[in-house]
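Student:
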Amino acid sequence: MAFLDWVQPSTQPVLTGPGILLRAPRGVDYEAWRELRGRSRAFLTPWEPSWNDDELGRPSYRLRLRRYRLDARQRTGYTYFVFDREGAVLMGGLTLGRIQRGVAQTGTMGYWMGQPFAGRGVMSQAVHAVSGFAFDVLRLHRLEAACLPRNAASIRLLEKSGFSREGHLRQYLKIAGVWEDHLLYSLLAEDRAPGRAPPSAT
1 MAFLDWVQPS
11 TQPVLTGPGI
21 LLRAPRGVDY
31 EAWRELRGRS
41 RAFLTPWEPS
51 WNDDELGRPS
61 YRLRLRRYRL
71 DARQRTGYTY
81 FVFDREGAVL
91 MGGLTLGRIQ
101 RGVAQTGTMG
111 YWMGQPFAGR
121 GVMSQAVHAV
131 SGFAFDVLRL
141 HRLEAACLPR
151 NAASIRLLEK
161 SGFSREGHLR
171 QYLKIAGVWE
181 DHLLYSLLAE
191 DRAPGRAPPS
201 AT
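Last residue of the sequence shown: 202 in the UniProt record's numbering, with the numbers rising by one and none dropped.
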């Protein structure tokens, strides 16, 4: 079963935007993922949980794939890698996780961008695509995202994407080994601009 988890593609849909393609991570993406994350380490670590000793190792990547595919099968989360339009160049990743049904109908969005591609509007396209998937395909009512108060780039991204700031979460997540306060943002299905086309999914 572990071998099948490593080689089998996910059944979650591929999403596209004007200049990007988003699909589930695969085993064949390992080298590109390791290279991009390694090059971007100093850029990423101030905003992420502490990296473990085997953070970029193949065994850790394999465990990630198994978790991603289990989440997708259980419909509790969907992880995407963000590529250029041709699907050839890995630029970052985005997860729609902690999906709750029942009276909540909500999910939480998290993302990372490789340093060479930051500031180009790539993640803005990815957030738009995954938001469309969340609202139009999964029929969620609410998306949430949290970021550090000093992360100006993430704040700009969320506000540009239509998210509204709702509050201040005390010691919400342990980032780089320290419990950090976060700003809470949300986007509701009815917040989206009228007539805005949903992303294409295949």
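Even for Gly, the Cβ is constructed at its ideal location relative to N, Cα and C. These numbers were taken from a predicted model, which means no experiment stands behind them.
Determine the extent of the beta strand (DSSP E) in which Asp181 is found, giving its start and end residues.
Tutor: Note, Asp181: beta strand (DSSP E), Val178 to Leu188.
Student: For Phe43, does the three-state DSSP call read helix, strand or coil?
Tutor: Helix.
Student: Which residues in the same chain have their Cβ closer than 7 Å to the Cβ of Phe117, if we skip the five residues on either side of it in sequence?
Tutor: For Phe117, where only same-chain residues beyond five positions count, the Cβ hits under 7 Å are Met91 and Gly92.
Student: Which one or two residues does DSSP pair with Gly167 in a beta bridge?
Tutor: The partner list for Gly167 (beta bridge, DSSP) reads Leu184.
Student: Quick one: which unbroken beta strand (DSSP E) runs of 3-plus residues sit fully inside the region 106-170? Chain order, please.
Tutor: Entirely contained in the region 106-170, the beta strand (DSSP E) runs reaching 3 residues are, in chain order, 106-113 and 142-147.
Student: Are the region 133-140 and the region 100-116 in contact at 8 Å, needing three or more beta carbon pairs?
Tutor: They touch, by the three-pair rule.
Student: With a cut-off of 8 Å on the beta carbons, I'd call Leu184 and Ala134 a contact; round off their distance for me.
Tutor: About 17 Å; that fails the 8 Å criterion.
Student: Measure the alpha-carbon distance for Ala145 versus Arg98 and round it to whole angstroms.
Tutor: Cα-Cα distance, rounded: 11 Å.
Student: Whole angstroms are fine: how far does the CA of Trp112 sit from the CA of Ala153?
Tutor: Rounded to whole angstroms, Ala153 to Trp112 spans 11 Å at the Cα level.
Student: Looking at the unbroken alpha helix (DSSP H) that takes in Arg98, where does it start and where does it end?
Tutor: Run containing Arg98: none in the alpha helix (DSSP H); it sits in the beta strand (DSSP E), Leu90 to Gln100.
Student: What residues in its chain sit with their C-beta under 6 Å from that of Phe43, if we drop five residues either side in the sequence?
Tutor: The answer, listed in chain order, is Gln115.
Student: By the DSSP assignment, the beta strand (DSSP E) with Glu22 in it spans what residues?
Tutor: According to the sequence provided, residue 22 is Leu. The question's Glu does not apply to it. Leu22 -> beta strand (DSSP E) spans Ile20 to Arg23.
Student: How do the region 63-80 and the region 39-54 stand: do at least 3 beta-carbon pairs fall below 8 Å, yes or no?
Tutor: The answer is no - the region 39-54 does not touch the region 63-80, with fewer than three Cβ pairs under 8 Å.
Student: Between the alpha carbons of Val14 and Met123, how many angstroms are there, rounded?
Tutor: Rounded to the nearest angstrom, the two C-alpha atoms are 16 Å apart.
Student: Among the candidates Ala189, Glu190, Tyr172 and Leu188, whose CA atom is the shortest distance from the CA of Glu48?
Tutor: Checked all of Ala189, Glu190, Tyr172 and Leu188; the closest Cα to Glu48 is Tyr172.
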